[in-house]
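Peer 1: Read in my numbering, the sequence shown has 200 at position 91, and its numbers run on one by one without any break.
Don't be surprised by glycine CBs; every beta carbon is placed ideally from N, CA and C.
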Amino acid sequence: MNGFKGGIHPHYSKEKTERLPILDAKMPERVVIPLAQHIGAPCEPIVKIGEEVKKGQKIGEAKGFVSAPVHSSVSGKVTAIGKFPHPSGRDVLSIVIESDGKDEWVDGLIARPDYLKLPPEELKKIIHEAGIVGLGGATFPTHVKLTPPPEKKIRIIILNGAECEPYLTADHRLMVEKPEEIVEGLRILMRILNVQYGYIGVETNKADAVSRLTEIVAKIPKERLAETYVERSGIEWTKEVDAGPNIKIIPLDVKYPQGAEKQLIKAILNREVPSGGLPMDVGVVVQNVGTACAISEAARFGRPLIDRVTTITGAVMYPKNLRVRIGTLFSALIEECGGFSEEPAKIVMGGPMMGIAQHTLNVPVIKGTSGIVILPKAAAGEKDFYDCIRCGMCVRACPMGLLPNMLGIYGELRLVEKGEEFRPMDCIECGCCSFVCPSKRPLVHFIRYLKNELSIKRSRAKEKKEAVTV
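(1) Indicate whether Val175 and Pro258 have their beta-carbon atoms separated by less than 7 Å.
(2) If you draw a straight line from the C-alpha of Leu298 to the C-alpha of Phe494, how long is it?
(3) Candidates Glu324, Arg321, Leu283: which alpha carbon is nearest Ser479's?
(4) Could you say which of Asn514, Lys492, Ser440, Asn430 lies nearest to Val285 if we only look at CA atoms?
(5) In this structure, what does DSSP give as the bridge partners for Tyr365?
(6) Where does Asn86 fall in DSSP's three states?
(7) Considering only residues of the same chain and omitting the five flanking positions on each side of Gly517, which have a CB-CB separation below 6 Å?
(8) Do Val103 and Val482 have their CB atoms nearer than 7 Å?
(9) Does the Cβ-Cβ distance between Gly447 and Tyr276 come in under 7 Å?
(10) Note down, in chain order, each residue of its chain lying with its Cβ closer than 7 Å to the Cβ of Asp317, except the 5 sequence neighbours on either side.
(11) By DSSP's criteria, Val457 is part of a beta bridge. Which residues make up the other side?
(12) Ala189 lies in the beta strand (DSSP E); which residues open and close that run?
(13) Under the rule that 16 or more other beta-carbon atoms within 10 Å means buried, what is Val577, buried or exposed?
(14) Which runs of the beta strand (DSSP E) at least 3 residues long sit entirely within the segment 270-334? Give them in chain order.
(15) Just tell me which of Ile329, Lys560, Ala369, Ile498 has its CA closest to the CA of Ala247.
(16) Can you pull the DSSP bridge partners for Ile206?
(17) Under the rule that 16 or more other beta-carbon atoms within 10 Å means buried, what is Pro229, buried or exposed?
(18) DSSP three-state call for Thr251: helix, strand or coil?
(19) Answer yes if the segment 293-311 comes into contact with the segment 224-239, meaning at least three C-beta pairs across the two stretches below 8 Å, and no otherwise.
(20) Report yes if the CB atom of Gln166 is closer than 7 Å to the CB atom of Val215, and no otherwise.
(21) CB-CB under 7 Å to Leu511, same chain, minus the five flanking residues each way: which ones, in chain order?
(22) Identify whether Lys157 lies in helix, strand or coil by the three-state DSSP scheme.
(23) Buried or exposed: which applies to Thr400, given that a residue is buried once 16 or more other Cβ atoms fall within 10 Å of its Cβ?
(24) Go through its chain and collect everything with a Cβ distance to Glu529's Cβ below 7 Å, but skip five positions before and after it.
(25) How about Gly392 and Leu218: do their beta carbons lie closer than 7 Å?
(26) For Ala211 and Glu293, I'd like the C-alpha separation in whole angstroms.
(27) Please classify Gln372: does DSSP put it in a helix, a strand, or coil?
(28) Nearest to Thr420 by alpha carbon, out of Gly116, Arg128, Cys539?
(29) Report the option in Ile356, Ile415, Gly436, Leu373 whose CA atom is closest to the CA atom of Asn269.
(30) Quick one: what's got a C-beta closer than 6 Å to Met502's C-beta in the same chain, skipping five residues either side?
(31) Would DSSP call Gly423 helix, strand or coil?
(32) Are the CB atoms of Val141 and Gly436 nearer to each other than 7 Å?
(33) Can you tell which of Leu559, Ala570, Lys371 has its C-alpha closest to the C-alpha of Gly116?
(34) Anyone know if the C-beta pair for Ala466 and Lys455 falls short of 7 Å?
(35) Using the rule of at least 16 other Cβ atoms within 10 Å of the residue's Cβ for burial, across every protein chain shown, is Tyr558 buried or exposed?
(36) Looking only at DSSP bridge pairs, what is Phe449 linked to?
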């Protein structure tokens with residue numbers, strides 16, 4: 110089995126929810142649906158205050174290629190359009206809908222039994238109109254990822270089922286309970302990009318998921334085609350071969366950050382994405398298993414992305430894996446899980462390694478909300494940090510082969526040009542360095558500062574160059 114250098118083995122804390130089936134969360138009385146739930150341009154509202162809407166109705170139109178529309182997750186009345194708190198920490202233009210309790214679907218959703226025969230461009234349009242983005246947390250619009258430049262030939266698609274973040278089990282349960290939808294989503298992706306090889310990477314601590322996915326892949330009907338071979342002597346002969354997609358389930362070592370794109374590609378294919386490059390540079394597209402499931406539902410049943418599976422765990426009375434409507438407030442989900450079991454020290458959207466700490470529970474579930482983790486004081490970590498002691502633990506842990514110790518020092522001192530020499534833009538912000546640091550230094554915070562300053566510097570240089578050209 111291939112692997113990547115570095116990485117860590119945190120306490121995974123998945124035992125509370127890894128065997129709990131997915132339940133439908135209670136229908137919210139009120140949803141707050143942000144018009145910015147993805148990387149790229151935010152949507153513009155296409156409904157008005159007082160307007161009646163149906164579940165699945167488009168309420169925000171994408172304005173730009175790198176964007177994705179949003180849909181109502183309930184039927185009811187639009188009561189407000191304005192800026193509301195967002196899990197990112199900003200106030201974001203959002204649409205507030207009061208549910209009428211009827212839960213009526215919008216008319217016009219189309220089921221397509223022949224979805225695997227549809228042209229790739231039509232499938233991409235379906236994905237875009239359904240508002241599908243990366244559900245692993247990055248929330249990059251999926252149709253954009255499926256439109257690589259002509260010179261970037263994609264030969265392999267990988268589905269990420271590693272779910273290496275501690276506490277989170279939403280993807281695990283989805284693979285156990287919805288393996289057919291995930292595999293069909295992969296087949297749709299393979300058709301869109303015209304590739305013959307698909308892989309689903311799953312960590313070995315999810316043996317039941319590996320088993321269920323393997324079982325479904327084995328059931329895919331295989332056509333037999335006759336291929337003609339010509340030997341050097343001129344003799345022709347034919348051989349029957351399997352046609353159709355070649356899909357394999359790949360068990361992966363349990364190690365964080367196994368689910369990061371570049372590390373996943375290294376572990377499965379033993380290919381290294383170049384510095385500053387993307388997976389497409391090595392002929393690969395990576396999607397999350399939840400994204401594949403959403404693609405399947407959109408292509409087969411016309412269902413837009415209005416909900417997602419989210420793990421609510423940690424210091425709550427009854428941890429759960431819930432299928433949650435987009436726009437449901439965190440406070441409602443905490444209440445549904447019985448409230449806090451002890452005083453929380455930190456509330457995180459996503460996992461504790463790469464998630465976003467929340468300052469309020471009055472924020473909504475968005476498309477990228479893989480989990481809501483309530484950390485007690487014992488798990489929240491220390492706030493004070495100390496000088497670097499040059500132990501090298503962060504260097505050994507870094508899966509990108511960087512020097513987080515030096516990046517941290519230059520980031521703390523605001524020495525951007527010096528820090529640039531140590532490739533901060535290659536940092537994937539996985540948090541391994543901060544996790545192992547005996548001085549409790551917030552290394553990711555310091556590196557983010559360098560990355561942000563360099564992005565601003567490069568953007569200004571580009572604008573200046575374009576101005577001179579004009």
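Peer 2: So, to answer that:
(1) It is not a contact, given that the beta carbons lie outside the stated cut-off.
(2) 46 Å
(3) Leu283
(4) When only C-alpha atoms are compared, the closest one is Asn430.
(5) Ile117
(6) Past the edges of the chain, shown from 110 to 579, lies residue 86, and the structure says nothing about it.
(7) Arg550, Leu552, Phe555
(8) Any answer about residue 103 is impossible in this case: the structure gives the chain only from 110 up to 579.
(9) no
(10) Val285
(11) Ala466, Val482
(12) 185-194
(13) exposed
(14) 306-312
(15) Ala369
(16) Val140, Val187
(17) exposed
(18) helix
(19) yes
(20) Judged by their CB atoms, Gln166 and Val215 are nearer to each other than the 7 Å cut-off.
(21) Phe531, Arg532, Asp535, Cys536
(22) coil
(23) buried
(24) Short of 7 Å from the beta carbon of Glu529, and not among the five residues preceding or following it, lie these beta carbons of its own chain, in chain order: Leu563.
(25) Going by C-beta atoms, Gly392 is not nearer than 7 Å to Leu218.
(26) A small fix is needed here, since residue 211 is Lys in this sequence, not Ala. When rounded, the distance between both Cα atoms is 31 Å.
(27) helix
(28) Here the closest residue by C-alpha is Arg128.
(29) Comparing Cα-Cα distances from Asn269 to each of Ile356, Ile415, Gly436, Leu373, the minimum goes to Leu373.
(30) Val545
(31) Residue state, collapsed to three classes: strand.
(32) yes
(33) Among Leu559, Ala570, Lys371, the Cα nearest to that of Gly116 is on Lys371.
(34) Yes, they are a contact pair.
(35) buried
(36) Val425
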